[in-house]
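There are 2 protein chains.
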Amino acid sequence: MRVGELSRRSGVPIPTIKYYLREGLLAPGVAVASNQADYGEEHLRRLLLVRALIDVGGVSVAGAREVVGALTAYADDPLELLGVAQSSVAPRHQPDRATPEWLAARGRVTELVAERGWLVEAWSPEMDQVADALAAGGSLGVPELSEKLGEYADTAASLAAVEVGMVLARPDPAARMELVVLGTVLGEALFSALRMLAHQHESKRQLELGKPGPGIAQ
Amino acid sequence: MRVGELSRRSGVPIPTIKYYLREGLLAPGVAVASNQADYGEEHLRRLLLVRALIDVGGVSVAGAREVVGALTAYADDPLELLGVAQSSVAPRHQPDRATPEWLAARGRVTELVAERGWLVEAWSPEMDQVADALAAGGSLGVPELSEKLGEYADTAASLAAVEVGMVLARPDPAARMELVVLGTVLGEALFSALRMLAHQHESKRQLELGKPGPGIAQ
Numbered sequence: 042m043r044v045g046e047l048s049r050r051s052g053v054p055i056p057t058i059k060y061y062l063r064e065g066l067l068a069p070g071v072a073v074a075s076n077q078a079d080y081g082e083e084h085l086r087r088l089l090l091v092r093a094l095i096d097v098g099g100v101s102v103a104g105a106r107e108v109v110g111a112l113t114a115y116a117d118d119p120l121e122l123l124g125v126a127q128s129s130v131a132p133r134h135q136p137d138r139a140t141p142e143w144l145a146a147r148g149r150v151t152e153l154v155a156e157r158g159w160l161v162e163a164w165s166p167e168m169d170q171v172a173d174a175l176a177a178g179g180s181l182g183v184p185e186l187s188e189k190l191g192e193y194a195d196t197a198a199s200l201a202a203v204e205v206g207m208v209l210a211r212p213d214p215a216a217r218m219e220l221v222v223l224g225t226v227l228g229e230a231l232f233s234a235l236r237m238l239a240h241q242h243e244s245k246r247q248l249e250l251g252k253p254g255p256g257i258a259q
Numbered sequence: 042m043r044v045g046e047l048s049r050r051s052g053v054p055i056p057t058i059k060y061y062l063r064e065g066l067l068a069p070g071v072a073v074a075s076n077q078a079d080y081g082e083e084h085l086r087r088l089l090l091v092r093a094l095i096d097v098g099g100v101s102v103a104g105a106r107e108v109v110g111a112l113t114a115y116a117d118d119p120l121e122l123l124g125v126a127q128s129s130v131a132p133r134h135q136p137d138r139a140t141p142e143w144l145a146a147r148g149r150v151t152e153l154v155a156e157r158g159w160l161v162e163a164w165s166p167e168m169d170q171v172a173d174a175l176a177a178g179g180s181l182g183v184p185e186l187s188e189k190l191g192e193y194a195d196t197a198a199s200l201a202a203v204e205v206g207m208v209l210a211r212p213d214p215a216a217r218m219e220l221v222v223l224g225t226v227l228g229e230a231l232f233s234a235l236r237m238l239a240h241q242h243e244s245k246r247q248l249e250l251g252k253p254g255p256g257i258a259q
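Those protein sequence lines, which keep their order, are chains A and B.
Counting in the numbering used here, the first sequence runs from 42 upward without gaps.
Counting in the numbering used here, the second sequence runs from 42 upward without gaps.
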């Protein structure tokens with residue numbers, strides 16, 4: 042198909058498609074004339090993937106390029122691919138990690154992982170990110186995050202079990218690998234929005250419970 | 042204290058503090074000389090909050106300014122404040138919402154909320170964001186997200202119950218409001234990193250289970 046049809050079928054404007062081509066997020070089409078190229082179904086699919094990463098997952102263009110590259114580079118290595126997909130949704134900045142508070146928080150994370158027997162590499166950047174959140178909470182007078190770390194970990198573990206099960210239920214290895222990426226990014230966006238809805242519900246519910254009922258005198 | 046001490050105690054470089062002052066993320070200090078200002082403990086605290094939002098939560102400078110403004114503007118309205126905090130961590134882009142697939146996904150979200158009796162406004166942007174993830178999943182051949190929507194919602198509900206309980210356990214209303222913001226942003230970062238660690242663990246664990254054991258002949 043021509044770029045116009047690719048645009049129509051994907052809902053992505055032609056200038057954006059050209060931008061993705063220049064940025065290497067989309068492989069070039071087959072040249073059919075000096076200024077015309079032909080695109081296949083795999084281009085459409087890749088375009089939809091890139092859009093989902095960027096629009097729904099909030100991944101940057103640079104992050105999406107890394108993920109797209111990793112899908113090819115790590116076609117046989119789900120753990121490497123998972124690492125790239127995970128780092129694409131992680132925040133870009135990095136707080137100060139040389140403080141005693143941060144090191145204490147990092148120690149707490151090592152303990153948590155050991156207690157639960159989680160099979161993770163000691164150098165996983167996510168261990169540091171957990172410590173970032175705990176240390177920021179600590180320095181801002183929010184010890185609650187540390188106190189409830191076990192509950193956070195329980196919830197994360199039960200969600201991860203569902204999601205990894207979802208991936209492994211696919212019989213085709215290539216389809217599995219795609220779900221490693223999409224599950225990480227779209228699953229994150231899905232869960233995050235549901236958590237916020239659930240917060241609204243719980244806030245209203247628990248605030249209502251705290252109010253005096255209609256039968257109580259002033 | 043002078044800006045140098047504010048910098049030392051917060052770990053934030055002086056040029057960054059000046060940038061936050063210009064951008065309105067931090068209130069001006071009290072002028073003590075033509076080119077000198079004095080800052081108090083509340084400046085230090087606000088600075089740490091801004092840093093946590095930006096570095097740990099991945100919130101943009103513009104988003105952090107909105108949250109900081111909302112802490113004052115909605116000091117008595119936890120639900121409004123929650124809305125601002127939630128939108129500060131949401132992705133900036135917006136996918137196409139005029140497709141039949143999106144509208145079907147949005148209907149599915151309305152059903153979910155109704156089935157569970159969740160007390161949320163029909164116009165909550167998070168309802169649309171859930172639909173964004175489901176519709177992107179659908180168009181990319183990932184019906185799993187829709188199929189497991191109930192499990193995602195269960196997990197989100199149990200995390201939200203812990204987090205809202207955490208906020209309401211604080212007796213002081215101002216301290217509660219701060220935790221609405223910090224819980225939303227830092228809690229998101231904390232959970233997200235834990236989910237990724239749990240993914241690594243579950244992937245290794247479930248992949249190991251699938252392999253033939255050492256006692257099995259080739």
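Note that beta-carbon positions come from the ideal geometry of N, C-alpha and C, so glycine has one too.
- The straight-line gap separating the alpha-carbon atoms of residue 226 of chain B and residue 81 of chain A is approximately 41 Å.
- Shown here for residue 104 of chain B: same chain residues with a beta carbon closer than 6 Å to its own, the five before and five after excluded, namely 129 in chain order.
- With a threshold of 9 Å between beta carbons, residue 245 of chain A makes contact with chain B.
- At a C-beta separation below 9 Å, residue 151 of chain B has no neighbours in chain A, since its nearest C-beta there lies roughly 11 Å away.
- Under the three-state reduction of DSSP output, residue 68 of chain A falls in the coil class, being neither helix nor strand.
- For residue 79 of chain A, the enclosing beta strand (DSSP E) starts and ends at 77-79.
- By the Cβ-count criterion, residue 244 of chain A is buried, with 16 or more other Cβ atoms from all chains shown falling within 10 Å of its own Cβ.
- For a Cβ distance threshold of 7 Å, residue set 229 of chain A lies close to residue 233 of chain B, ordered along the chain.
- Here residue 126 of chain B is not bridged, per DSSP, to any residue.
- Among the bridge pairs identified by DSSP, residue 74 of chain A is matched with A:77.
- Taking 9 Å as the CB threshold, residue 84 of chain A stays off the interface with chain B.
- The beta-carbon separation of residue 220 of chain B and residue 211 of chain B, rounded to 6 Å, stays under the 8 Å limit for a contact.
- By the CB criterion at 9 Å, residue 235 of chain A and residue 119 of chain B fall outside the cutoff.
- Nearest in C-alpha terms to residue 59 of chain A, of all of A:74, A:78 and A:173, is A:78.
- The residue among B:169, B:126, B:180 and B:84 with its C-alpha nearest the C-alpha of residue 100 of chain B is B:126.
- Contact holds between the region 168-184 of chain B and the region 142-159 of chain B, because three or more Cβ pairs, one in each stretch, are under 8 Å apart.
- With its beta carbon at least 9 Å from every one in chain B, residue 49 of chain A lies outside the interface.
- Taking a C-beta cut-off of 8 Å against chain B, the contacting residues of the region 86-100 of chain A are 86, 89, 90, 92, 93, 95, 96, 97, 98 and 99, listed in chain order.
- If you check each beta-carbon in the region 204-221 of chain B against every beta-carbon of chain A, the ones closer than 9 Å belong to 204, 205, 206, 207, 208, 209, 210, 211, 216, 219, 220 and 221.
- For residue 135 of chain B, there is no enclosing alpha helix (DSSP H), as DSSP marks it with neither H nor E.
- DSSP places residue 207 of chain A within a helical segment (H, G or I) once states are collapsed to three.
- Under the DSSP assignment, residue 174 of chain A falls in the alpha helix (DSSP H) whose first and last residues are 166-180.
- Secondary structure at residue 116 of chain B: coil, using DSSP grouped into helix, strand and coil.
- In chain order, 96 make up the part of chain A whose C-beta sits under 7 Å from the C-beta of residue 135 of chain B.
- Within the same chain, 79 come within 6 Å of residue 73 of chain B by CB-CB distance, once the 5 residues on both sides are set aside.
- Chain A places no beta carbon closer than 9 Å to that of residue 105 of chain B, leaving this residue out of the contacts.
- DSSP, read as helix, strand or coil, puts residue 229 of chain A in helix.
- CA-CA distance, residue 217 of chain B to residue 246 of chain B, rounds to 39 Å.
- In this structure, the alpha-carbon of residue 177 of chain A lies about 11 Å from that of residue 86 of chain B.
- In this chain, the alpha helix (DSSP H) harbouring residue 55 of chain B covers 55-63.
- For residue 42 of chain A, the three-state secondary structure derived from DSSP is coil.
- Counting along the chain, residue 85 of chain A sits inside the alpha helix (DSSP H) bounded by residues 82-92.
- Separation of the CB atoms of residue 153 of chain B and residue 122 of chain B is rounded to 25 Å, and the pair is thereby denied contact status at 8 Å.
- Note on residue 110 of chain B: under 16 other CB atoms within 10 angstroms of its CB, so exposed under the neighbour-count rule.
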